[in-house]
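First to last, the sequence lines map onto chains A and B.
If you're matching positions, the first sequence starts at 1 in this note's numbering and goes up one per residue.
If you're matching positions, the second sequence starts at 1 in this note's numbering and goes up one per residue.
Don't be surprised by glycine CBs; every beta carbon is placed ideally from N, CA and C.
None of these values were measured; they are calculated from a predicted model.
Right, one structure below, let's go through it.
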Amino acid sequence: MTTTPKRKRLPLTVIGGFLGAGKTTLLNRWLREANGLRMAVLVNDFGALNIDADLIAATHGDTMALTNGCVCCQIGDDLGRALVEVIEAKTPFDAVVIEASGVSDPWRIAQIGMAAPELSLEGVIVLVDASAAARQAHDPLLADTLARQVKSADLVVVNKADIASAEALAGAHAWVEATAPGTPRIGTVESAVPLALLSGLPHAEGALPHACGPDCHDHHHDHGAPDHGGVFQTWNARPDAVIPAAMLRAWLREMPPGVLRLKGLVRTGRGDAGDEWSELQFAGRHGTLRKAAAPAGEARAGVVAIGLRGQLPEEALKAFFTP
Amino acid sequence: MSQTNTTIYAARKIITMNPMQPHATHVAVRDGRVLAVGSLADMQAWGTATLDERFAAKVLMPGLVEGHCHLKEGSMWDWTYLGWFDRRDPAGKVWSGLRSMDEVVSRLTEVAAKMTADGVPDTEPLVAWGFDPIYFGGERMTVHHVDRASATRPIVIGHANGHLMNVNSAMLRIAEITRDNEVEGVVKFAEGPDEGEPTGELQEPAAMFLVLRKIGNAGLLAPMTEAGVRSFAKLACLQGVTTATDLVNKLTEEDCGVLEKVTQDDGFAVRILPAFQAFHGTHGAAQGAEHVKGLMPRNTDRLRYGLVKMMLDGSIQGFSARLRWPGHFNGAPNGIWVTAPAQYEADFETYHRAGLTIHTHTNGDEASEVAIDAIGRVLTRAPRPDHRHTLQHGQMIDAPLFRRMASLGLCANLFANHIWYWGDQHYEMTMGPDRANRLDACGSALAAGVPLAIHSDAPVTPLGPLFTAWCAVNRITPKGRLLGEAERISVPQALRAITLGAAWTLKLDGEIGSIECGKRADFCVLEDDPLEMDPMALKDARVWGTVLSGRVFEAQRG
């Protein structure tokens, strides 16, 4: 007996970072800017979120519904329960964001996104307090905890650049670079991380193998054009050739640096009974490949990748997918 | 008038734990409290009384106090026990320890067959607990073992450490776990005909989530139930325990409802002190403190709100405890903070200023040191006499830290059962010989003048204060090691730790923990005299039952 999910996989983003790095500010910002994107935000304590009263539609126990369609849930110590509620919600969500606690390793949470059939891991964003990181990183009680967080990120946001001294800011960047070399990193103030990171790939959905009929309510076509803010860059292709699964898996393990997210649906075999299709996904510095149904209608493969502007390895991507 | 309600119990011996009157032969009980202790003649000074001789051949001690356990010990027995050590269930039946994979499979097979014979639908999972591969010398359990018990009924086996589980093929199918699942915690066969297929071993939360979400409340995450709490009381009675903590409880309205309903029953044989979970919660510390204080007016004799539980690090055998230099013996990286040190200090101060007593989980010595540092600063800012804050587990605390604890008025409730259950693993893997020899250093704690209690952390290890006392007195391991001869404490010291010592950490030493005039009539009724036995036999002292506030409870025997 299997229960193959009927819905589109729900993209899961994990927000990590030590106390004071700006996680709550980031979530507040995204909730206000959701702009039609139905987001479920799982936090440790929604008292800390400080949501504007006029944005709150209703509160029931550990769940708070917002007037813009988003929902906040308190995790307490049972993330699984909170996540099941989100997965099984009557009206499906477009995205789920989990706030990791200030001392936890966000990668452990991110793995749930890779494990559950209804979820897909979208990424692990770790915030760093530019004004405190260099000092905290030298605290023998905290150094390993902070390093573990940064090492599990696929995007590091060096936040609070405005209140950090020039020396502290440079120290924070140097520490991140030394701890997680090559991990994409942006600097910002007041947790101003573009929401495009949640919805960035659907934005490039021209390249995604999603066939829409007139009755399609599967996803949002119009939640505003997310502004990539000049921060991100996408690349897409339609690889028509068969790429064997073993080759794809090997390539996913050796992903060229600079790719933040990559998604696609490609042929991994041809047979008498029809082509074999697989869904590939790279996020959180980890690739997965799962067997998938053939795309409906015009059966074309598609791959889309996103990275920081100027850092996306387009040549390497081209060389692999459309040689 | 009330003389007519006085009962005098005659005993072979009464060990009072009152150093000013250590022994007696009779105890008079009125209104659930001790009226008099001494000889029959001493009792008669109070006038007419009923002489009850049912304990004439038995030994009475103060009711034992378990300062760190969990009510979950009661509901674990809804599921199948697969541990390495013998263990007694609430009905008094001893489940033998399973010493090979074949023994594990045959118990699962029996239970699966019985479920089917009893008409339990095939979709209902068989849930088992307590399995610990650490004792199986490297052999891992796979679907090939578990499928022998049932190919159709889902089987879920929780490991003793809580971080792993094994399932059978039927459960893998329901959870949709296949070779394509690439999450790290889904273990796969590295070779052979099944290469690349899941073995059924699932490690850490992400992989276990796939199973738990399907079995939900039927499984290991089941909430506290009335039946589970009643089972706990039966286990307590079997072990001579009359007062026990539930040392992590969210204290939601549902939780409080269950506790209040069950404890108002006069047939309920144990006094419960639930400790509010002040970590990983959805309450800020200030609201948490208000919540606990708001519950305290609802206290009764058998239910006492007011304790607060905080948590700093993980577990030593799980390599998630915070250790000071030189770190783990096998080179594993340092463990994790459950609460950030600065957050701990801030929250601790809030609960402390609210007048509450805080019990802090610190396993590794770095966590203990962080707690002592933080509490020292809080007490400097906000002195409070007689706070009784307690470090729980404190397994790696050394003499200098104990001396600091003594100067701050901190109590220690040490996890003495670890010496037996994981002492060899600590010696060989986690901390090495030097620190294993001072594991749960009861001798050092007493030498430094730290008020001492010892505990089981049931269900992590079985509830049984006399067994815990045996661990602290003998300090031997299953492989026959003696861990730190000089850290051993005497039998009277250990008996104090499981009565008055634990009562002190709960601020109940004026009410329980010894048998003397004015205290609750709480007794542990024994067939054997722990002070006369060979100390190596202390764990085998036979418990007849208990008396709680004057009510007699005979333990159920299997």
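Alpha-carbon to alpha-carbon, Gly20(A) and Gln136(A): Answer to the nearest angstrom: the Cα atoms are 11 Å apart.
query: Starting from Ser120(A) and walking both ways along the alpha helix (DSSP H), at which residues does that stretch end?
result: Segment 119-129 is the beta strand (DSSP E) holding Ser120(A); no alpha helix (DSSP H) there.
message: Give me the chain A residues within the contact set of Ala342(B), using Cβ-Cβ distance strictly less than 8 Å, ordered along the chain.
response: Leu19
- prompt: Taking 8 Å as the CB-CB limit, is Lys151(A) close to chain B?
  reply: no
- prompt: Any C-beta of chain B sitting closer than 8 Å to the C-beta of Arg324(A)?
  reply: For residue 324(A) there is no data in the structure shown, the boundaries of chain A being 1 and 323.
Cutoff 8 Å: Phe209(B) Cβ touching any chain A Cβ: yes
- prompt: How would you list, in chain order, the residues of chain A whose beta-carbon sits under 8 Å from the beta-carbon of Gly185(B)?
  reply: Gln111, Ala115
- request: Compare the Cα-Cα distances from Met311(B) to each of Ala91(B), Glu345(B), Gly257(B) and report the closest residue.
  value: Glu345(B)
Backbone CA spacing between Ala211(A) and Gly306(B) [nearest angstrom]: Because Ala211(A) carries a pLDDT of 35, less than 50, the predicted location of this residue cannot be relied on, and the following value inherits that uncertainty. Between Ala211(A) and Gly306(B), the C-alpha separation is close to 60 Å.
task: Would you decide whether Lys23(A) is buried or exposed? Buried here means 16 or more other CB atoms lie within 10 Å of its CB.
output: buried
CA-to-CA distance, Pro90(B) to His68(B), given in whole angstroms: 19 Å
- prompt: Would you call Ala225(A) buried or exposed, if buried means 16 or more other Cβ atoms sit within 10 Å of its Cβ?
  reply: Only weak support exists for where Ala225(A) lies, its pLDDT of 36 falling under 50; the value from the coordinates is given anyway. That one is exposed.
query: Relative to chain B, which residues along the region 39-50 of chain A have a C-beta separation below 8 Å, given in chain order?
result: Asn44, Asp45, Phe46, Gly47, Ala48
message: If the criterion is Cβ atoms closer than 8 Å, does the pair Arg12(B) and Ala56(B) meet it?
response: Arg12(B) is a Cβ neighbour of Ala56(B), given a cutoff of 8 Å.
message: Spatial neighbours of Gly17(A) within its chain, please: C-beta separation below 6 Å, excluding the five flanking residues on both sides.
response: For Gly17(A), where only same-chain residues beyond five positions count, the Cβ hits under 6 Å are Lys23, Val126, Leu127.
query: Listed from N- to C-terminal order along the chain, which residues in the region 53-80 of chain A have their beta-carbon within a distance smaller than 9 Å of any beta-carbon of chain B?
result: Asp62, Gln74, Ile75, Gly76, Asp77, Asp78, Leu79, Gly80
field: Three-state secondary structure assigned by DSSP to Gln21(B)
entry: For Gln21(B), the secondary structure class from DSSP, reduced to helix, strand or coil, is coil.
message: Our contact map puts Gly281(B) next to Gly76(A) with C-beta atoms below 8 Å; I'd like the distance itself, whole angstroms only.
response: 6 Å
Check whether Arg322(B) and Gly364(B) have beta carbons under 8 Å apart: For Arg322(B) and Gly364(B), yes; Cβs fall inside 8 Å.
- prompt: Measuring CB to CB, does Ser75(B) end up less than 8 Å from Thr225(B)?
  reply: Closer than 8 Å, so yes.
task: Following the continuous beta strand (DSSP E) through Asn334(B), name the residue where it begins and the one where it ends.
output: Unbroken run through Asn334(B): none, as it is neither H nor E.
query: So which residues of chain A does Asp347(B) contact, with C-beta pairs closer than 8 Å?
result: Within 8 Å Cβ-Cβ: nothing; Asp347(B) doesn't reach chain A, min ~12 Å.
query: Less than 8 Å separating the beta-carbons of Leu379(B) and Gly394(B)?
result: Contact: no.
query: How should Ala58(A) be labelled, buried or exposed, when 16 other C-beta atoms within 10 angstroms of its C-beta is the threshold for buried?
result: exposed
task: Give a yes or no on whether the C-beta atoms belonging to Cys70(A) and Thr63(A) are separated by under 8 Å.
output: The beta carbons of Cys70(A) and Thr63(A) sit no closer together than 8 Å.
message: On a Cα-Cα basis, can you pick out the residue from Ile56(A), Gly171(A), Ala95(A) that is closest to Gly36(A)?
response: Ala95(A)
7 Å Cβ shell around Trp544(B) - same chain, five flanking residues per side excluded: Lys58, Val525, Leu526, Glu527, Glu554, Ala555
- request: Using beta-carbon positions only, say whether Glu349(B) and Ala371(B) come within less than 8 Å of one another.
  value: 8 Å or more divides the Cβ of Glu349(B) from the Cβ of Ala371(B).
message: Quick check on Gly264(A) - is its C-beta less than 8 Å from some C-beta in chain B?
response: Chain B contact via Cβ: absent.
message: Looking at the secondary structure, which residues open and close the beta strand (DSSP E) in which Asn166(B) lies?
response: 164-167
Beta-carbon proximity list for Thr50(B), same chain, < 6 Å, skipping 5 on both sides: Thr7
query: So what does DSSP say about Met533(B), is it helix, strand or coil?
result: coil
message: So if I threshold CB-CB distances at 7 Å, which residues from the region 276-301 of chain A count as touching chain B?
response: Thr288, Arg290, Lys291
- prompt: Does any residue of chain B bring its CB to less than 8 Å from the CB of Thr145(A)?
  reply: At least one CB of chain B lies nearer than 8 Å to the CB of Thr145(A).
- prompt: Just curious, the beta strand (DSSP E) that Asn413(B) is in, first and last residue?
  reply: 411-414
- prompt: Under the three-state reduction of DSSP, which class applies to Thr123(B): helix, strand or coil?
  reply: Correct three-state label for Thr123(B): coil.
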